[in-house]
Amino acid sequence: MLPYTRVRIVGPSMEPALRNGDWVLVRRTGRLRTGDIALLAHPRRPDLLVVKRAARPEGTGWWVLGDNPDSSDDSREFGVVPSASIVGRVTFRYWRPGGRD
Numbered sequence: 029m030l031p032y033t034r035v036r037i038v039g040p041s042m043e044p045a046l047r048n049g050d051w052v053l054v055r056r057t058g059r060l061r062t063g064d065i066a067l068l069a070h071p072r073r074p075d076l077l078v079v080k081r082a083a084r085p086e087g088t089g090w091w092v093l094g095d096n097p098d099s100s101d102d103s104r105e106f107g108v109v110p111s112a113s114i115v116g117r118v119t120f121r122y123w124r125p126g127g128r129d
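Residues 29 to 129 in this note's numbering are what the sequence shown spells out, letter by letter.
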């Protein structure tokens, strides 16, 4: 398995940091620091991968939040994300539609 994967952002939950349609590079690792943006399996829908900010470690997992609280399904809804559900850490945004920013 390659250590990096690319992911397309869908939806507004991480605005303004990441917008719908952005592409990011994710390093596959379970190691996070507070403030990192992570790719993780949604706790209630393990087949769905989501991107959220690691707000704080809690027990054996992470409390994760979207940067846009009005449009985010995050730990306020589903609680702590187990560390085993962390796929990786976003390391780089390499495409933003329209070339703005």
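In this text, a Cβ means the ideal position worked out from N, Cα and C, and glycines have one as well.
Only a predicted model underlies this, so the values are computations on that prediction, with no experimental measurement involved.
By the Cβ criterion, the segment 80-90 is in contact with the segment 63-70, since at least three pairs of Cβ atoms, one from each stretch, lie closer than 8 angstroms. Residue pairing by DSSP places Leu-77 opposite Ala-69 in a beta bridge.
Taking the Cα of Arg-55 as reference, the smallest distance to any Cα among Trp-123, Tyr-122, Val-118 is reached at Val-118. Arg-61 sits in coil when the DSSP states are folded into three classes, being neither helix nor strand. The beta carbon of Ser-100 sits closer than 6 angstroms to the beta carbons of Ser-41, Gly-94 from its chain, once the five residues preceding and following it are set aside; these are given in chain order.
The segment 104-120 and the segment 45-60 touch, with no fewer than 3 CB-CB distances between them shorter than 8 angstroms. Nearest in C-alpha terms to Ile-37, of all of Arg-47, Asp-102, Gly-107, Met-29, is Arg-47.
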